[in-house]
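Just below is one structure, and these are the notes that go with it.
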Ligand code: FES
């Protein structure tokens, strides 16, 4: 492993995540109360960029199907949840044929997504030296 400087602490405010590309790897660094954690920036379900999701304490939620991961370990906590909300409500004002087609599409997508396994994320050790952040690649 190689220690690589990736960012400055001030570049990542508390409660935020940033996307970085380092040595050909996509990495997300999260600032949880001035503690920094780095994971591969790809969801273990269908590869959405986790840094585009939300961070609540040490839990990152994927923006695509809402799987959650622990940023301190990269472990899957829950999910995914393929569809949120009621698809019928979303398309309620559309013509009946459109509603029927959208429901069929949603059901088909849900069936496809249900069988896709979701994996833990690789994580990287973050070292802080002054204002600089380093990760072991
Ligand atoms: S891509 Fe993240 S939960 Fe599906």
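In this note's numbering, the protein residues as written are 174 to 310. Note that the Cβ used here is the ideal one computed from N, Cα and C, for glycine as well. For clarity, every value in this text was computed on a predicted model and none was experimentally measured.
Grab me the residues of residue 264's own chain with a C-beta within less than 6 Å of its C-beta, minus the 5 sequence neighbours each way, in chain order.
Excluding residues within five positions, the ones whose Cβ falls inside 6 Å are 272, 275.
Between the beta-carbon of residue 228 and the beta-carbon of residue 215, is there less than 8 Å?
No, the Cβ-Cβ distance between residue 228 and residue 215 is not below 8 Å.
From 209, 193, 252, pick the residue whose C-alpha is nearest to that of residue 289; which is it?
The candidate whose alpha carbon is nearest that of residue 289 is 252.
Nearer than 7 Å: is that true of the beta carbon of residue 252 relative to any heavy atom of the ligand FES?
Correct: residue 252 has its Cβ closer than 7 Å to the ligand FES.
At a cut-off of 7 Å, is residue 293 close to the ligand FES when judged by its beta-carbon and the heavy atoms of the ligand?
No, the beta carbon of residue 293 sits no closer than 7 Å to any heavy atom of the ligand FES.
If we count the other Cβ atoms within 10 Å of its Cβ and call it buried at 16 or more, is residue 261 buried or exposed?
Exposed, since its Cβ has fewer than 16 Cβ neighbours within 10 Å.
Going by DSSP, which residues form a beta bridge with residue 209?
Answer is 204.
From residue 198 to residue 181, what distance separates their C-alpha atoms?
Spanning the two alpha carbons is a distance of roughly 19 Å.
Please classify residue 192: is it buried, with 16 or more other beta-carbons within 10 angstroms of its beta-carbon, or exposed?
When all chains shown are included, residue 192 counts as exposed.
Have a look at the DSSP bridge pairing and note the partners of residue 229.
Note: residue 229 sits in a beta bridge opposite 232.
Could you have a look at residue 313 and say whether DSSP puts it in helix, strand or coil?
There is no way to answer for residue 313, as the model of the chain reaches only from 174 to 310.
Does any heavy atom of the ligand FES sit closer than 7 Å to the C-beta of residue 237?
Yes; taking the cut-off as 7 Å, the Cβ of residue 237 has a heavy atom of the ligand FES nearer than that.
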